[in-house]
Each structure stands twice: as C-alpha cells, then as structure tokens.
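Residue numbers (our numbering), protein chains in the order written: chain A, 60 to 568; chain B, 60 to 568. Even glycine gets a Cβ: it sits at the ideal position worked out from N, Cα and C. Just so you know, these numbers come straight off a predicted model, no measurement behind them.
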C-alpha cells in the first residue's frame, strides 16, 4: 500500500481502523513503533498500533463518544506522519458499549443497560476447522450465552491433540503424530522439535481471531479472551519475559478497540509453572497502561485463588476448588473481594472421565441458581464424549446437554429483575434468597427464593402487614412460572415437593 | 408378691431378672436402695435394681459368659436379703452379644461378628397407638435397618402435638387442646398447667419401652436410646439436678441389661438451654459407673458438636451442620476423633417444609455411600407429609421413600467386605475410595470406589503389575452389580455415564 486508508465513519463503541504503509525490513514486530493519538470533543487517547504483515501497520481506536475525531499516527515505522478525521455516529441497535462493573457486584453496558452474565467456554473454537466454527456461531446465535471464554494460543490437552488451524508465531511445531492419549502429558511445555520465532507473530492467526470477536459482537456476546494458558506443547507458556511482554503489547494493540473484549490474563494461572506472581502483575500493568478503554480484567485459577483484591482485577473469575460446594460460596467471595463474582468454572455438564467434566445438567443448573441467588454469576461448559472428539468445552460445535435451555430461562428471570443485579438476602438456613442489590436492607419489593435439592411442599413468608405481595412458583428445571396468589401479612406458598423450585415474590400494592 | 422370683436359665447376653417384694411406703423410687451382686466363673458385677411399682423391686443382669452364676440381692428395700443361682447358656442364633467398638473406627458384636450400622430414626414410635407400633415393627422386620434411634420422653414438636400413650412420671400434663401448628413453640419447656412429680416414675411407661427394646432385639436391631431431648412441653427437659440424676439412675438400672441398648445422652443436646456441659459430663459419669456392661455411649448435636474426644464417648453421633456437605466430612471427623463416625442425622428423605426433612431418596442414598466410602456410617429418616400426620421420622408406620431398598443393597455390599469396616483411601480428587480398615497402606486386594453425582463414562485404575484384579460396576441406585472383567497392570473400566455408580475391585490372583 502507498497511502493512509481508514474508516471515515464509525459508530460510537465501534472499531475505527487506519492502515498505513511502513518499514518491513528487519523485524517489524520489534524494531519499529507506531502510535495513534485520537482527539474528540470529550476525550484524547493515545494507543499503540501494530504490524499486520506485508508492510502494513494498523491503528485501531474505539470512540467512547459521538462526534468528530481527529487522529495523528506517528512512530519509527515510517518517516511520514499520518493524520485524518472521522465521525463517530450514534450506536446501532444492539450496541450498548463495553461491559463495565456496576453497583460493586454486577455489570452493565456503558450505556447503562444491565448485563447479566451467562457465560460458556469453548477454549479453542476459533482454531478448529472452519465448518465447525460456523456451527459454533450458529449454536451461539440460538443459545442462552452472552459471554464466551476462549484462548489465543492453541491448546494441548486431553481431547485436544490435533493441530490448530494456525499458529500465533512464525515457525513449525513438533511432530504431533507421536502423541497419544497416554503419552501427551510428557509433551507439555517446550518439548524438542518446536521451531518457533517468539518475536515474529503470524498476523493471519490474529486476524482470524478478530474476525471471530467481531462475529461475537454481532451476536451480542462478550469475548472473554484467555491470553495465556498452561495447556501447551509449543513453548508459548514458557517464553521469556521479553517475548511475553512483546506478546501482551501486540495483543492489546490488536484487540482492545473491540468493545466486547474482556481480558482473562490466564486460565489456571497457577499451573503455568514458569510464571510468578510478579509476572502476572507485570502483564496486568501492561494491560492497565495500554488498554486505554479499561476493559474488564481478571485471571482464572486452578487450585489457588489469585488475590482478587488486587486493584487491577475488576471481577473474580473463579474456578471452584471444592468438589461438592462451588456456587454456594458466592456470597462469601462477594464479601471478601467486594467485586463481581463470576464462577467461570464450576464443573461441566458431560460424561468424560474427569470429575470437572461429568456432572448432570440438573446439577449444573442448580449451581447457576445458587450463584444467582447469592449475588453472582456462573459459567457453563459441556463435555459429552463424542466419537469425533468434538467437545463443546474446547471445540464448540453443537450442544448436547440439558442445561442450556434452563440457562435461557434463568437469563429471562434475571432480565425481569428491577435492578442491575441481585444481592444475597438474610434467609432461613435451608434456603437461598436474593433481593435487588440497590435495596439491600430495605423492603425492595422483589424477592427470589431458591430451594435447590430440597423439596418442601410449602414454605411460609412474612415481609410486613401493610403491603400486598404476588407470589409465583418457578420450576427452574421444567421452566414454568405459576402464579400462587397475592397475599398480605404472613402467608404460605404451596410447592410441588420437587427439587429445583424457586419462589419469586413481588410487591404489588 | 411374697417371694423371690427369677429366671432360672438365661442365654449368654440375655436378660436375667429377679423380682422381690419390698417397701412401698413413702417414695420407693427415692427412699430405698436395692443392689444385686452377680458372680460367675469369669466375672463379678454389682448392679442397681429398681422399684417397679406395686411393692415389687427388680434386679436385671446380663451375663457375659456361659456357666453358673450366683447372685445376692440386698439393700434397704427389705429387711431380707435374697440369693440364688442360675445358668447362662449358649447364645441362640442371632444373639451375638452387645455391639462394641472394633478396629478404632468400626463396630462388631461381642462375639466378633462385624456390625455395619445402617440406622434409622423414629423418635417416639413407642408412644404411638399400639396398632401403629405393630406396623412399625413389621416395617422394621422387612427393612434394611439394624439400629433405630428413639426417645424415652414424649416429644413436643411440629407434627408431634398429640399426647403420648403414657408419661414417664406420675401426674397430669397441660391441656394440649390449646396447641396449634402456629403457637406450639410458645409452649416449650415447662409451661403452666403441668403437674408432674419428677420423683415418681410410672413403671408402665418404662415396661412398655422395654417390651419394644426386646422386640427390636428379636429383630436383630440395636436400640439407640435417646435419654434426654429438648422437644418438651412437660418440663422433662428442665428438671433439677437431683431429679435428673434420679432419672439417669433409674433408666440405667432398668435398661442396661438389654444387650441391644446404645446410650444417646441426648438429641440436640445444645438446644437444651437449661443444661450445661458439666451436666452432660455428670450424666456420663453416672452411665460409666452404673452401666457395668459398657454399652456404646454418645451424644447428638444440633449446631455445635460435643467434644467427641471425651473418654466416655465411644463413637461420634453427628448431625451434619452444613446444608450441602455432610457425609463428605466423615474422613475428617475420623481423623479428628479417632472413633467410629456415625452420621445419625444428614437430612431425611421427604417433602416437609424444613430443609432437614426434604431431600430426595437419591441424595440420602448418595450421602450413605459417601459416609461408607469415607469409613463411617450414616443414618436414615423419612419425613413425607401425610394426611394423618404420621411421619416415619417420629411415629414409625410404613416407609414411603425410595432410599430404604438402596440401603439394603448397601448393607449387602458392606457385609461382603472382607474386614470389619472400610477405611478411606488416598484417591483422585474426583472420587471417593475405600479399602479394608485392617489393610490401610497395604495392598489389601479390596477396593470400593464411588463417583456420586459424577457421571464418568470410564475410569482407569492401577495397583500393581503382579496381581490379577476383578472389577465390578455397581449401580448404587438401580441396585445392580455387573462384572467388568479381570485385569492386570493399568486397566480401564467402562461405566454407563450415569450418576451414583461405584466400582468394586478385588484381587483374584
């Protein structure tokens, strides 16, 4: 290319992009800088651009306001400086901006619309055969999820021994034909046979990832991007600090202008044996400095929780550490960290040999309700054995489980709450109860009780003698909502004596 | 009566009884003493007798050996001393003696036969209408239980507002027609209107209880007798120390000669507000002194565990204190107390309004298996709503639940173990595994794995390369045992991908 090319008009919270020609000699990923300064009526922001191959550099920007913007692109990438203007227009329908923390424990889009997280996990769906990726998108389009966790790096793990579509770096991988279900554990980290240049990215790998982030954006789904992870046979989890920092800067430069990006510093950070807390804190500081939009940031544990009280952590991204209790701790974690609690891993619906991937749809749905009524959010995953080894949890594809329709139902219940999230409420020892976050301690007039595996034939309630309350019996498994009457004073609601019942009570007079 | 009457011949661990005439003036329960000294070839024991009304005193004795015994009965009850001899014969079939602690964490009858506790609870079944009691015995005869917990005192509680068949003391109770489901909580302790003499027992109350203890003995069922409890509207839970001690001595004198008696000092001792730890320790000291047979002794908690490490406590009798985890703590409690762990209350199968009485048969069965494979024992109860307010948990009657047949199945599995109990074994994080207690740390050749609510489609095992192992897949819910083959070295067992599966592996060569 010879000239500046750029988006003349972009909607608020959309992705502005400018492409400019620059030096391609030496190693353009390390040898040159490129920076864009964007100035609108309400903000001035400086962002890094990145080398996208073939002599082209790009700078992306997400305008947080409507109106005219001016930009200046400069750096050592070129002797020239580039300038221009563009217009940020009103957001289109479905564009509510990035998701932010709201009300301490919850989320809302930047335009104020509440965001009730119902996430799923398909770790490396963007690295599977293209047809499978299209199928995944179709499943997501028709499913309950508004967040999906996935990795930038390919994955080496049980059921994940195939080669990815592309690699993030120039080079060649080890010969994977030696791998079997039995021996793959001995090929983790950086075994012999890999020849990657950890300072030369493959732009096509990232372009494809970005295409998928855009696809998700179009579906209204947040992309919870896992930047590092330990399931590795290519050395990506064991690069030196210089290469790590290069990677983090490159990722942030490419991805932070997408409004639906969340940063997950790592999956199971604590089993990346070569990384220290100081490393994670350094990556976080890169993120805090270079992602000028302040996307949500967290890090996901295996055995040991990260210190979620660190200032850079916007929300907890927790894997349960007890086999039996998971979402039941949500309220304790809220109290401890005073941040949104997202239980991204509480075991998956499935039937594989591992305990984390063999619970029933009923149990997973129960955990979602526990998390919800304790003021937090849970995450889904599915691991049903399949002859083709395509498991939703890693590869995407289609869903086989019983949980997802119930999550759609739960999401509907959540979207009918009057506030932007639920808070745990003092309740009987044998129930979980929630009220609206904004009204904790007051008579909010909205209460959601959940009875889990208990099967009471009735329960009694009392709020006050003055107001009238309408009660509904919610069968969270059969997905029915049945009016139970309106009441004043102390009242009793009959229940069917089955598991997984909830009672929603709203003040009506 | 004018003369000594007594059993001329009694089997070993049977109940010898002598009746003698004595003073009936004043208060025979407090004013006179009676003692029996029993001497056989291997033992000499001194026991208290008791006043049984109508001028008759009785002395009971359980011979622990076969052969001739001589006895002398004396005291202030009479100017006369009574003597005699009797023969202790060989135990009849089904009489294995009292249950003792065996192998630190388990139980065995005195003759060495292992005792695998599968208990149930019918708190006041002996105080219900006679026809219902007969029905309870019939249910027990055909059921899986070898222990039942029940009270001496009547019970005042939800679903338990009726009058008992008899009272343990002379006097008259408050008018119970004022009681309703709503107001009964305000009539606990010692409300107005009760006129009992806490120093004058009604022998018919105790004679009937003893008849039921004998009935249970004939069925091979241990009587886990709850001596005190807080569910009271007659003042029995708030007597002074003198009356308490009189009661304890009377109970021990009457009941300790029955081989199938276990002592439960109290149910939910910690909500008997008028009693202190010093009181419980004093009752225990009476028991330790006066029960010369050393029957099993424990005490059952509500919120706060008793200190089960106290020397007089022979085994833990635990109520779970967490809503979600109960039997899952069995191995921790074993390690803490180094005594048998019996989880007498881990919530009941049923559908009443309370969380402790509304879990499914599946969940209760799962808790039994958790307790079993962690080296302990669980207890059953059933609380299904019934139009006649007859709930097994308090009243007995018939069973309505799905759990009991599965407990029969579990008991069969237990009775097929080679030792006298199971010990928790180091296992994967997502399974519970047991081996034979005597062989912890060795290659015992018997392993029981349990997968609970997980649904693995297969699992892999490895013990050694030398021996051959036979594996069976146990469906703990559908009560099937399916051979899975014999194996050497590392091997894989296929499972049906359903909940509640176990795998039993035995060394066969």
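Subject >> Proximity to residue 267(A) [Cα-Cα], best of 185(A), 162(A) and 276(A) >> reply: Within the first chain, numbered from 1, the residue matching residue 267(A) stands at position 208. Comparing Cα positions, the closest option is 185(A).
Problem - Delimiting residues of the alpha helix (DSSP H) encompassing residue 373(A) - result: Position 314 of the first chain holds residue 373(A). Premise fails: residue 373(A) is in no alpha helix (DSSP H) and is neither H nor E.
Q. Looking at the C-beta of residue 192(B), does it have a partner C-beta in chain A at a distance below 8 Å?
A. Sequence index remark: in the second chain, residue 192(B) carries index 133 (1-based). Using beta-carbon distances, residue 192(B) does not count as an interface residue toward chain A, since no partner is under 8 Å.
Cross-chain neighbours of residue 384(A) in chain B, by beta carbon under 7 Å: In the first chain, counting from the first residue as 1, residue 384(A) sits at position 325. Under a criterion of Cβ atoms nearer than 7 Å, the residues of chain B adjacent to residue 384(A) are, in order, 383 and 384.
- Between residue 226(A) and the rest of its own chain, which residues show a CB-CB distance below 8 Å, the 5 nearest in sequence each way excluded? The count along the first chain starts at 1 and reaches residue 226(A) at position 167. Contacts found: 213, 232, 255, 261, 264 and 293.
Take residue 204(A) as the anchor and find which of 441(A), 509(A) and 385(A) has the nearest alpha-carbon.
Residue 204(A) sits at position 145 when you count from the first residue of the first chain. Looking at 441(A), 509(A) and 385(A), the one whose alpha-carbon comes closest to that of residue 204(A) is 441(A).
Original post:
If residue 310(B) and residue 272(B) are in contact, beta carbons under 8 Å, what's the gap, nearest whole angstrom?
Top reply: On the second chain, position 251 is the one that residue 310(B) refers to. On the second chain, position 213 is the one that residue 272(B) refers to. Their Cβ separation, rounded to whole angstroms, is 12 Å, which puts residue 310(B) and residue 272(B) out of contact at 8 Å.
- Task: Within 10 angstroms of the Cβ of residue 318(B), are there 16 or more other Cβ atoms? Answer buried if so, exposed if not.
- Result: Taking the first residue of the second chain as 1, we reach residue 318(B) at position 259. By the beta-carbon neighbour count (other beta carbons within 10 angstroms, threshold 16), residue 318(B) is buried.
### Message
For a contact defined as C-beta to C-beta under 8 Å, what are the partners of residue 422(B) on chain A?
### Response
Residue 422(B) sits at position 363 when you count from the first residue of the second chain. The answer, in chain order, is 512.
- Message: Does the CB of residue 447(B) have a neighbour CB from chain A at under 8 Å?
- Response: By one-based count along the second chain, residue 447(B) stands at place 388. Not a single C-beta of chain A is nearer than 8 Å to the C-beta of residue 447(B).
Per DSSP, residue 322(A) is paired with what?
Here residue 322(A) refers to the residue found at position 263 when the first chain is read from its first residue. Residue 322(A) is bridged by DSSP to 284(A) and 356(A).
Buried versus exposed call for residue 567(B) [16 or more other C-beta atoms within 10 Å across all chains shown]: As a first step, residue 567(B) is located in the second chain; it is residue number 508 there, counting from the start. By the neighbour-count rule (16 or more Cβ atoms within 10 Å), residue 567(B) is not buried but exposed.
Relative to the C-alpha of residue 561(A), which residue among 536(A), 479(A), 496(A) and 546(A) is closest? Stepping through the first chain from its first residue, residue 561(A) is reached at position 502. When C-alpha distances from residue 561(A) are compared across 536(A), 479(A), 496(A) and 546(A), the shortest belongs to 536(A).
>> Give me the chain A residues within the contact set of residue 410(B), using Cβ-Cβ distance strictly less than 8 Å, ordered along the chain.
In response: As a first step, residue 410(B) must be located in the second chain, where it is residue number 351. Going along chain A in sequence order, the residues near residue 410(B) (Cβ under 8 Å) are 514, 515, 516 and 556.
> Shorter than 8 Å from the beta carbon of residue 414(B) to some beta carbon of chain A?
Replying inline: Start at 1 with the first residue of the second chain, and residue 414(B) comes out as number 355. For residue 414(B), the closest Cβ of chain A is nearer than 8 Å.
* For residue 376(B), does the count of other Cβ atoms within 10 angstroms reach 16, so buried, or fall short, so exposed? -> By one-based count along the second chain, residue 376(B) stands at place 317. Residue 376(B) comes out buried.
- Closest Cβ-Cβ distance between residue 428(A) and chain B: below 8 Å? Taking the first chain and counting its residues from 1, one reaches residue 428(A) at position 369. Between residue 428(A) and chain B, the shortest Cβ-Cβ separation is not below 8 Å.
inquiry  = Output needed in chain order: residues of the segment 458 to 490 of chain B with a Cβ under 8 Å from some Cβ in chain A.
reply    = Using a CB distance below 8 Å, the part of the segment 458 to 490 of chain B facing chain A consists of 487, 488, 489 and 490, ordered along the chain.
Which class does residue 402(B) belong to by DSSP, given the choice of helix, strand or coil?
-> As a working note, residue 402(B) is residue 343 in the second chain. Residue 402(B) falls in the strand class under three-state DSSP.
When DSSP labels each residue in this structure, what does residue 258(B) get in the three-state scheme? Position 199 of the second chain, counting from 1, holds the residue named residue 258(B). In this structure, DSSP gives residue 258(B) an extended state, which the three-state scheme calls strand.
Minimum length 4: unbroken alpha helix (DSSP H) runs contained in the segment 140 to 203 of chain B | DSSP assignment within the segment 140 to 203 of chain B yields the following whole alpha helix (DSSP H) runs of 4 residues or more, N-terminal first: 189 to 200.
| Per DSSP, which one or two residues make a beta bridge with residue 534(A)? | Here residue 534(A) is taken as the residue at index 475 of the first chain, counted from 1. In the DSSP output, where bridge partners are listed per residue, residue 534(A) has 539(A) and 560(A).
Nearest-angstrom beta carbon gap, residue 86(B) and residue 258(B) [assumed within contact, 8 Å]: Position 199 of the second chain holds residue 258(B). Position 27 of the second chain holds residue 86(B). Rounded to whole angstroms, the Cβ separation of residue 258(B) and residue 86(B) is 6 Å, and the two are in contact under 8 Å.
### Task
Assign residue 431(B) to one of three DSSP states: helix, strand, or coil.
Reading the second chain from its first residue, position 372 is the one you call residue 431(B). Of the three classes helix, strand and coil, the one that applies to residue 431(B) here is helix, per DSSP.
Endpoints, beta strand (DSSP E) assigned at residue 443(A)
Walking along the first chain from the start, residue 443(A) turns up at place 384. For residue 443(A), there is no enclosing beta strand (DSSP E), as DSSP marks it with neither H nor E.
Run through the DSSP bridge pairs and tell me what residue 68(B) is partnered with. In the second chain, counting from the first residue as 1, residue 68(B) sits at position 9. Residue pairing for residue 68(B): DSSP places it in a beta bridge opposite 146(B).
Practice item. Quick one: grab the DSSP three-state call for residue 507(B). Key: Along the second chain, one-based indexing puts residue 507(B) at 448. Strand.
Exercise. In terms of residue numbering, what span does the beta strand (DSSP E) encompassing residue 98(B) cover?
Worked result: Your numbering for residue 98(B) matches position 39 in the second chain. Annotation: the continuous beta strand (DSSP E) that includes residue 98(B) extends over 94 to 98.
Legend entry - Beta-carbon proximity list for residue 281(A), same chain, < 7 Å, skipping 5 on both sides: As a position in the first chain, residue 281(A) is number 222, starting the count at 1. Answer for residue 281(A): 158, 205, 206, 319 and 321, listed in chain order.
query: Taking the Cβ atom as the reference point for each residue, do residue 514(A) and residue 460(A) lie within a distance shorter than 8 Å?
result: For the purposes of this step, residue 514(A) is taken as the residue at position 455 of the first chain. For the purposes of this step, residue 460(A) is taken as the residue at position 401 of the first chain. No, they are not a contact pair.
* Asked: Do residue 124(B) and residue 101(B) have their C-beta atoms within less than 8 Å of each other?
  -> Counted from its first residue, the second chain places residue 124(B) at position 65. Counted from its first residue, the second chain places residue 101(B) at position 42. Between residue 124(B) and residue 101(B), the gap from beta carbon to beta carbon is short of 8 Å.
**Message:** Quick check: what's the CA-CA separation for residue 478(B) versus residue 492(B)?
**Reply:** Counting from 1 along the second chain, the entry for residue 478(B) is found at position 419. Counting from 1 along the second chain, the entry for residue 492(B) is found at position 433. Rounded to whole angstroms, residue 478(B) to residue 492(B) spans 16 Å at the Cα level.
Amino acids of chain B, ordered along the chain, whose beta-carbon sits closer than 7 Å to that of residue 387(A)
One-based indexing of the first chain puts residue 387(A) at position 328. Result: 383.
### Query
Between residue 494(A) and residue 248(A), what straight-line distance do the alpha-carbon atoms span, to the nearest angstrom?
Against the first chain, residue 494(A) aligns to sequence position 435. Against the first chain, residue 248(A) aligns to sequence position 189. So the two alpha carbons sit approximately 47 Å from each other.
**Request:** Starting from residue 609(B), find everything on chain A with Cβ-Cβ shorter than 7 Å and list it in chain order.
**Result:** Only positions 60 to 568 of chain B appear in the structure, and residue 609(B) is not among them; the question remains open.
* Using a Cβ cut-off of 8 Å, which residues of the segment 112 to 143 of chain A contact any Cβ in chain B, in chain order? -> Per Cβ criterion, the list is empty.
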